[in-house]
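One rule links them: number in this note's numbering = place in the sequence shown (from 1) + 10.
Some notes on the structure that comes next.
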Amino acid sequence: MRGVAAVLLVLVSLGEAFLGGGGFGVGTPTRCEALGACRRNTKKEKRKRNWENMRKFQRMPTPQNQVRVNGKSKTLSRKKLQLKQQAELELARENAFMARSVKKKPLPLSD
């Protein structure tokens with residue numbers, strides 16, 4: 011009799027372990043609640059959350075990267091800003107080189 015009770019007890023504990031049963035009155039979340047899969051419109055909600063979060067971290071345009079086109083102000087992309095800075099640096103280097111190479115020589119005075 012005791013052996014049968016022990017075997018039943020072992021079977022019940024194994025059944026709970028493999029079947030994920032809640033035991034005797036224990037409030038465990040269902041599979042749906044545990045995974046959060048019961049939500050509806052998850053993609054739509056995620057898009058909205060991402061959009062709101064993106065708006066929080068969006069940088070405001072600075073005067074250096076604003077360009078007026080047809081009366082409207084636009085901001086330049088990072089790539090265009092980088093190219094613009096490189097062009098300004100190269101222009102300054104060229105101007106310095108030309109100033110060194112083409113020095114004004116004083117005109118000889120002829121009497």
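Cβ coordinates follow ideal geometry from the N, Cα and C atoms, glycine included.
Per DSSP, residue i is paired with what?
i      : result
Val22  : In DSSP, Val22 forms no bridge with anything.
Val125 : Residue 125 is absent from the structure shown; the chain starts at 11 and stops at 121.
Am I right that residue i and residue j are in contact with their C-beta atoms under 8 Å? What's the rounded C-beta distance?
i     : j     : result
Gln76 : Ser87 : Not quite, the Cβ-Cβ distance comes to about 12 Å (not below 8 Å), so this is no contact.
Distance check for residue j and residue i, CA to CA, integer angstroms please.
i      : j      : result
Val14  : Asn60  : 59 Å
Lys113 : Leu101 : 18 Å
Ser12  : Lys54  : It should be noted that the sequence gives Arg, not Ser, for residue 12. Cα to Cα, the separation comes out at about 59 Å.
Gly81  : Gln92  : 24 Å
Lys89  : Glu104 : 23 Å
Met108 : Leu99  : 14 Å
Gln95  : Ala106 : 17 Å
Lys58  : Arg78  : 31 Å
Val20  : Arg50  : 41 Å
Val22  : Thr52  : 38 Å
Please identify the residue among the options whose C-alpha is closest to the C-alpha of residue i.
i     : options                : result
Gln68 : Val79, Thr85 and Thr52 : Thr85
Using C-beta distances below 8 Å, list every residue in its chain close to residue i, excluding the 5 sequence neighbours before and after it, in chain order.
i      : result
Asn63  : none
Arg110 : none
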